[in-house]
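Protein chains in written order, with this note's numbering: chain A, 46 to 339; chain B, 392 to 820; chain C, 57 to 372.
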Amino acid sequence: MSTLTAERQAAPPKAPASRGGGEWRRTPTWLYGVLFAGLFLVVVPFVWMLLSSLKPEAEVRAVPPTWWPETITLDNYSTLFTKLDFPTYFLNSAIVALAVTAGNMVFCSMLGYALAKLDFPGKKALFAIVLGTLMIPGVVTFVPLFVLTTNIGLSNTLLGMVLPFLAGPFGVFLMRQFIQALPDELIQAARIDGAGELRIFFSVILPLCGPALATLGILTFLTSWNNFLWPLVVAQTEEKYTLPVALALYSVGQNATQYGLLLAGSVVVVLPVLAIFLVLQRHIMQGIAMTGIK
Amino acid sequence: MTTHFRRTARAGAILGLASLALVACGRDAGSDAPVEQGEAIGDGKATGTIEVWAMGTEGEVLGDFAEAFAEENPDAEVEVTAVPWDSAHDKIANAIAAGETPDVTLVGTTWMGEFAESGGLDPLPEDLVDSAAFFDGAWGSTEVGGTSYGVPWYVETRVLYYRKDLAAKAGWDEAPATWDELKQFTTDLQSKGGAEYGIQLQAGNTGSWQTVLPFAWTNGVAVTNDEGTEYTIDSPEMVEALDYYTSFFEEGISPMRMLDPGELESGFADGTYGSFISGPWHTGLVEEQGVDEDEYGVALLPGVDSAGGTSFVGGGDLAVFSDSDNKESAWKFVQWLADPATQQGFYDEVGDLPAVSESWETGELSEDPQLAVFGEQLDNALAPPAVPTWEEVATVIDGEVEKATKGATSVEDAVAEMQRQAEQIGTGL
Amino acid sequence: MSTVATRTGTRTRHVDPTRRQQAVAAWALALPFVLLFAVFSLGPVLASLGMSFTDMRRTDIRDPFAVNPVGLDNYVQLVQDPLFRKVTLNTLLYLLLGVPLTMAVALLVAVGINRVERFRGFLRVGYYLPVVTSIVAVSVVWKFLYRDNGGLFNTILGWVGIDGPGWLDSTTLALPSLVLMAVWRNFGTLMVIFLAGLQTIPQEVNEAAEVDGASGWSRFRHVTLPMLRPTLLFGAVITGLGYLQFFEEAFVMTKGGPLDSTRSATYFTFDQFGFGNYGYAAAASYLLFLAVVLLTWVQFRWLGERDETTVKGAKR
């Protein structure tokens, strides 16, 4: 049916918010039920984490585990904020994670577009190489990477924590797949209008990448924020530690772990990630306005 | 077609360059001469900045604690960076790799072998400390291939924890002193004392070697020869020791499963486990779960026929990096930390058991009966061989122990396999 | 090729920029990434590849060139190592069980959330929580679920008269138990990706299909799925890679036991690296790499790009 192609090309830009009409839009109630039941199953450990961060250490370790705290205490949190130089570690983590996220969003979308829509020599090889490095466990490249980073003078710097992760193959792969699904006609039309290739990327393609960029942003932020081993190894003095490193410092001992403190720390560490998620996830659901060709 | 050719040519070039690089590699044939102890350091005060890495609680406290050192050495400054125990090993390894290290570091006792062998640690200067002042086992952890690379800082050792009240119920006024008594003791705890398991022993995996080797050592097993160049695990004594160990599982006296964190302490408190073997940190943990001080006791590990089993000694050693630019002052700092008075002061502050035996003669260490048991055990405790490949061999031992306790292989086969794999891995020296 | 309304009427066909213009633009866009990548990713990767052909250990670290090249010895030793063979099998099992399960769950949830009108944000965040929950908390709760005496699963099984086994203590059940936990833990990431992918399917397409009389399931199979193809491929590859690097769950819950039944290839590599056997560990990684390349190639063939016209013409 030609309606399909014709509609895709000539459909007037419809505000994605308008959801009126169409019988199928009515959501069956059973679906809500199922989704919420599933949600309950999925959320239990997180809730346990929250509740347990308010328990004294002995109760956290009790076996079988308790649900509601028998004794509520804010000790874990107060230790966390008094013993740790919280603002410094938080700031370090924030700078590193935001820099890595922003960098990835920009560089990966640029290369992703080139791989998805442009034709150039070395394209296949480049994609294969980038994809290939994704398949190698980080553990193995760790030592050479560290020796390299130190020898170019980036030891004990936030830059040294950021640079190696700015060019993430995951992001390239993600953006390439998404951009590939965008219709070629948009690009063709822009070319006819006389736009240069780079201009096409920035003005035409990028605005349509909202959901993909948001997804990449969330996933990159999460990984970078929780990164433990690399910042630990790069930092030579405590003032350069990031939050996960500082947390491990105070809660994991040579022979015993302070679980209460660890859980409280985990709650605190998770909050910014959830905040970023809440901010960005709207963009994930932003429908791509399939505007026709002008 | 041309692209294909170009691609192959490129690949070929890369391979060619890579092989060229490999050709440049090659190990030196003769670097096996024993390393000498370092030159004795001068007498003066310490100077300059001394950068220190310390993990955990020690790291948190050392900075302030070291102010006393700064007072005695006004030209020197001690800067302590606290490092998390989680991956501290990797951090030190990487620092050595990149040649970017501080001056002094705390080193886990089982790490000395590999770091020393890598050349990253400075050999101990002669006459810096008197090795006889330290517990033998602890000193052993610093000696790699006959040369000492550090000074023990604090120690821990393993003893028998048991429920005194359940033991009394089972008719035992004192802790068992021999292997036969231990067997009877734990059986009674189950049948008469009301415990579900007489003892909790690890069935293998994750560190069971730290409980198994003491039994082996007590029976006279030596894991390596004196120089640490060969493994001597396979022996009738080892088979006997492992046989004794596995019998607890076969007879149902010890559970076979791996416990969850917190399960041991809770189980000890509610009487599920009548006894277990562990280190000083567990006193706090079991009391936290509600075990009263008079409800439990600690005792020396039983010997084979007479009292006095050999236990495991661990803890932390202090070492100076070979890339340090202030070695002399660094060693002076280490020397200060090893002073008996300093050691005792540090115990008061942190609770780490001192590595210097003299510190045990005064203060709380000499008065507390529980600590006295640890102190006495320290006189009869060994550290695992300080060889670079120890972690790997320990894992092999863990694996074979698991197979033996779960009945997957016989004890003789397990021990033979330990020897075989250990030989294949080598000691690294 | 359709005709497009022209502006001034002078051109009547598409203008393709010269290959040269495209190439220049492409490399301009690619440059920042490629530079960073070459230095910080490719370099270390090649260095570690080189490492795999030597007998390098941690004790050689200060003098990395003073090691012996041993050619393929590490690789040969690996293939002969019974433990390595075992962990390879374990990893394959993880993959075969975990990838389809995770993708199915993620897709179902994504489609479900996409379908409802209210509480979307709430549901999205909720379903994503397992991904961000601390592994400590996750392991405590799941260990409780799996406990032999008094664990939740066995209690529920007890209600219907089944005597549940010791899930994590059994050499046959431990691995599937961990797979279940991993699915639970990781599907949230895929769900987010699929949600974004579902958004690229315009409303009009689905509505047009409905007008044509297609049922819900048929719409899903013939409209939604094909249009999700690139996203599904991405999901499959990423999840496959993720399960290949499966490590944390086993590390925290079972330490690779009982009797190495939950030890994955990555866990093995991690251990070897921890022992300081850098050359051996590197070789293990590259063997894994070869396996993954194969897996990915298969996935690309199966789910990869199809001719656009086939998709468009499908409705005919």
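Ideal placement from N, C-alpha and C gives every residue a C-beta, glycine not left out.
Contact with chain B is found for Ile-117 of chain C, since one of that chain's Cβ atoms lies less than 7 Å from the residue's Cβ. The bridge partners DSSP lists for Phe-712 of chain B are B:Leu-512. Within its own chain, the residues whose Cβ lies closer than 6 Å to the Cβ of Leu-762 of chain B, once the five positions on either side in sequence are excluded, are Leu-756, listed in chain order. Rounded to whole angstroms, the separation of the alpha carbons of Gly-182 of chain C and Ala-259 of chain A is 18 Å. Any Cβ of chain A closer than 7 Å to the Cβ of Gln-355 of chain C would place that residue at the interface, and such an atom is absent.
Not a single C-beta of chain C is nearer than 7 Å to the C-beta of Asp-804 of chain B.
When Cβ-Cβ separations below 7 Å define contact, Val-161 of chain C makes no contact with chain A. Ranking A:Tyr-286, A:Asp-238, A:Leu-211 by CA distance to the CA of Phe-266 of chain A puts A:Leu-211 first. In the DSSP assignment, Val-474 of chain B is bridged to B:Met-446.
Listed along the chain, the chain C residues whose CB falls inside 8 Å of the CB of Ser-715 of chain B amount to none; the nearest CB is some 14 Å away. Here Phe-724 of chain B really is in contact with Phe-460 of chain B; their C-beta atoms are around 6 Å apart, less than 8 Å. Among the residues of chain A, those whose CB is under 9 Å from the CB of Ala-84 of chain C are Met-155, Ala-159, Glu-242, Leu-243, following chain order.
Within the stretch 699-771 of chain B, complete alpha helix (DSSP H) segments of at least 4 residues are found at 718-728, 731-741, 755-758, 760-769, given in chain order. Cβ atoms of Asp-579 of chain B and Gly-562 of chain B come within 8 Å of each other, at about 7 Å. Judged by pairs of C-beta atoms under 8 Å, the stretch 176-193 of chain C touches the stretch 240-253 of chain C, as three or more such pairs exist.
A direct Cα-Cα distance of roughly 19 Å separates Pro-543 of chain B from Gly-510 of chain B. Thr-569 of chain B is bridged by DSSP to B:Gly-694.
Residue pairing from DSSP places Thr-110 of chain C in a beta bridge opposite C:Pro-125. Under the criterion of beta carbons closer than 8 Å, Asn-717 of chain B and Thr-440 of chain B qualify as touching, at roughly 7 Å. Here Thr-492 of chain B is actually not in contact with Ser-720 of chain B; their C-beta atoms are around 15 Å apart, not less than 8 Å. For Val-498 of chain B, the enclosing beta strand (DSSP E) begins and ends at 495-499. Residue contact check for Thr-602 of chain B against chain C: no CB pair falls below 7 Å. At least one beta carbon of chain A lies nearer than 7 Å to the beta carbon of Asn-485 of chain B.
At a cut-off of 7 Å, the C-beta of Phe-121 of chain C has no neighbouring C-beta in chain A. The C-beta separation of Leu-156 of chain A from Ala-86 of chain C comes to about 5 Å, placing the pair in contact by the 8 Å criterion. Among the CB atoms of chain B, one or more fall inside 7 Å of the CB of Glu-283 of chain A.
If you compare the alpha carbons of B:Leu-497, B:Phe-576, B:Glu-642, B:Gly-688 with that of Ala-660 of chain B, the shortest gap goes to B:Gly-688. Assigned with DSSP and collapsed to three states, Ala-257 of chain A falls in helix. With at least 16 other beta carbons inside 10 angstroms of its own, Ala-339 of chain C counts as buried. When 7 Å is used as the limit between beta carbons, Ser-104 of chain C is near these residues of chain A: Val-185, Thr-186, Pro-189, in chain order. Under a criterion of Cβ atoms nearer than 7 Å, the residues of chain C adjacent to Val-88 of chain A are, in order, Gly-182, Leu-185.
Look at Thr-620 of chain B: its C-beta is not under 7 Å from any C-beta on chain C. At least one beta carbon of chain A lies nearer than 7 Å to the beta carbon of Thr-325 of chain C. Distance check between Ser-801 of chain B and each of B:Glu-427, B:Glu-641, B:Ser-532 places B:Glu-641 closest, using alpha-carbon atoms only.
Spatial neighbours of Val-677 of chain B in its own chain (CB-CB distance under 6 Å, excluding positions within 5 residues in sequence) are listed in chain order as Glu-656, Phe-659. Chain-ordered, the chain B residues with CB closer than 8 Å to the CB of Gln-299 of chain A read Met-446, Gly-447, Trp-476, Gly-499, Gly-707.
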